[in-house]
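So the sequence shown is residues 45 to 235, counted in my numbering.
Backbone N, C-alpha and C fix where the C-beta goes; we use that ideal spot for every residue, glycine too.
Just so you know, these numbers come straight off a predicted model, no measurement behind them.
Taking it in order: structure first as C-alpha cells, then the write-up.
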Amino acid sequence: MNFGRQAFAALFVVTALMVLALGAGCSRQVTPELTPQPDSATPPSQAETPAAAPTPAATSKITVYFVRGEEAVAVTRTIEATTAIATAALTELLGGPTAEERAADLFTEIPEGTRLLGLTIEGTLATVDLSSEFESGGGTLSMTLRLDQVLDTLFAFPTIESVAFRIDGAPVETIGGEGLMVSPPITRSNR
45 MNFGRQAFAA
55 LFVVTALMVL
65 ALGAGCSRQV
75 TPELTPQPDS
85 ATPPSQAETP
95 AAAPTPAATS
105 KITVYFVRGE
115 EAVAVTRTIE
125 ATTAIATAAL
135 TELLGGPTAE
145 ERAADLFTEI
155 PEGTRLLGLT
165 IEGTLATVDL
175 SSEFESGGGT
185 LSMTLRLDQV
195 LDTLFAFPTI
205 ESVAFRIDGA
215 PVETIGGEGL
225 MVSPPITRSN
235 R
C-alpha cells in the first residue's frame, strides 16, 4: 500500500505542477505589439506608399493671333487648364509673342501695357474691357490689326458669335483716333 500511496502522491504532484505551469502561462498578461491593420477608411501614410511620379497638371490648347506682315496669324499655345479659358487666351495674347514666336517674325500691334480689365460672356456675346493703352499710338493699319488680334482670338471659340468693346469700363462705339467702328458688337459675319 505504501507503493500505491506513493504513486498516487507522485501522480497528484505531477498533475498539480502541470496545472500550475499551464495556469501560470495562461494567467500571464501578454501585451501584443500594436501593429495597425490597414483600414479602408484611412488612407495609407506617405511612408507606406511608394513614391509615385507627380501627376502632370491638366492642360488646354488655345489659339491666339499675332501679326506677321500685315495679317493676323494663328498661334497655338498650351496652357494650364482653366474654366476661364477665353480670359486665359486674352491674357496670353496681351503678354505678346514668345522669343520663339518673335524669331518666326511674329509681333503684336497691341500696345505694351494694355491690360485686360474684364471679360464677360453672356450667351454668344463676349464683352471685352481693355485699358486705355489699347487705343494709343499707331495708324489705321495698326488699329485694324490689333482689333483683328482680339477678335480672332475670341472667335477661335466656337461659342462666341459677337464681341463688344469697353475701354476702362466704358462702352465704346469707336476705337482710336481713326474711329474704327466697334458698335453694335462685331459679329463673325459683319467683320
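Quick one, which of the options has its alpha-carbon nearest residue i's?
| i | options | result |
| --- | --- | --- |
| Phe-209 | Pro-202, Ile-219, Glu-115, Phe-201 | Ile-219 |
| Ala-128 | Glu-115, Ala-116, Thr-184, Ala-170 | Ala-170 |
| Val-194 | Ile-165, Ala-133, Gly-113 | Ala-133 |
| Ala-118 | Ser-206, Thr-158, Thr-168, Leu-189 | Leu-189 |
| Ser-104 | Arg-232, Glu-136, Glu-115 | Glu-136 |
| Pro-155 | Thr-131, Ile-123, Val-111, Thr-164 | Val-111 |
| Val-207 | Ser-176, Pro-141, Val-172, Ala-214 | Val-172 |
| Glu-205 | Arg-232, Phe-151, Ile-211 | Arg-232 |
| Phe-151 | Thr-197, Arg-235, Pro-141 | Pro-141 |
| Ile-211 | Gly-167, Ser-176, Ile-165 | Ser-176 |
What does the alpha-carbon distance come out to for the pair residue i and residue j?
| i | j | result |
| --- | --- | --- |
| Glu-222 | Ala-102 | 43 Å |
| Phe-199 | Ala-147 | 26 Å |
| Leu-224 | Gly-183 | 11 Å |
| Ser-227 | Glu-144 | 36 Å |
| Ile-106 | Thr-120 | 6 Å |
| Ser-186 | Pro-100 | 40 Å |
| Thr-126 | Gly-139 | 17 Å |
| Gly-162 | Phe-178 | 14 Å |
| Ile-230 | Gly-157 | 24 Å |
| Asp-149 | Tyr-109 | 13 Å |
| Pro-202 | Gly-181 | 31 Å |
| Asp-192 | Arg-159 | 17 Å |
| Glu-114 | Asp-196 | 14 Å |
| Ala-214 | Ala-116 | 26 Å |
| Ile-165 | Asn-234 | 19 Å |
| Leu-174 | Thr-122 | 24 Å |
| Glu-217 | Gly-167 | 21 Å |
First and last residue of the alpha helix (DSSP H) that includes residue i?
| i | result |
| --- | --- |
| Thr-135 | 129-138 |
Tell me the residue span of the beta strand (DSSP E) that contains residue i.
| i | result |
| --- | --- |
| Arg-121 | 115-124 |
| Arg-252 | No information on residue 252 is available, as it lies outside the stretch 45 to 235 that the chain covers here. |
Counting only runs of 3+ residues fully inside the stretch 144-228, write out the beta strand (DSSP E) ranges in chain order.
-> 160-166, 169-174, 206-211
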